[in-house]
Amino acid sequence: MLVWDRLNTHVSRLMRELIAERTWLTAFLLPAHSPDLNPVEGVWVHVKRSLANLAVVALDRLEALVRNRLKRLHYRPGAVDGFMAGTGLTAGVPTSP
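Note that our numbering has the sequence shown beginning at 75, numbered continuously upward.
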C-alpha cells in the first residue's frame with residue numbers, strides 16, 4: 075500500500091504508469107494539503123517527541139538516532155496501526171471518486 079500526497083512527481087504520467095504495472099500495489103492519493111490524513115505525520119510526531127531535549131553535536135549522530143527510532147517502529151506494528159487509525163482512514167479497497 076502506498077499513501078502519497080499530491081506532489082507533482084507523485085501524480086505524473088510516468089508514476090501512474092509505474093504504479094499500474096504493479097498489480098500488487100495499491101496507491102492512495104491524499105487531497106491537496108491534508109496532513110491530518112497522512113499517517114506519516116503521526117510517525118514524525120512520534121519520532122520528534124522521542125528526540126526532544128537532546129543536544130546532538132554532529133549531523134551524522136542525529137541521523138543515527140532518527141534511523142534508530144524509525145527501526146524501533148518496525149517492531150511495534152500496533153503503533154503503526156495507531157498512526158493509520160488516527161487519520162480516520164481505513165486500509166480497504168479504494169473506491170473511485
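Every residue, glycine too, gets a C-beta built ideally from N, C-alpha and C.
A quick note: this is a predicted structure, and the numbers were derived from the prediction, not measured.
Proximity to Gly-152 [Cα-Cα], best of Gly-116, Asn-127 and Arg-141: Gly-152 has its Cα closest to that of Gly-116, out of Gly-116, Asn-127 and Arg-141.
Out of Val-114, Ala-126 and Trp-98, which one is the CA nearest neighbour of Leu-104? Nearest of Val-114, Ala-126 and Trp-98 to Leu-104, Cα basis: Val-114.
Going by DSSP, what residue range makes up the alpha helix (DSSP H) through Leu-144? Leu-144: member of the alpha helix (DSSP H) spanning 133-148, first to last residue.
Return helix, strand or coil for Ala-28, following the three-state DSSP convention. Because the chain in this structure spans residues 75 to 171, residue 28 falls outside the shown range and cannot be described.
Need the endpoints of the alpha helix (DSSP H) that Leu-92 sits in, please. Its alpha helix (DSSP H) spans residues 87-94.
Output the boundary residues of the beta strand (DSSP E) element that contains Val-77. 76-78 is the span of the beta strand (DSSP E), which, as asked, contains Val-77.
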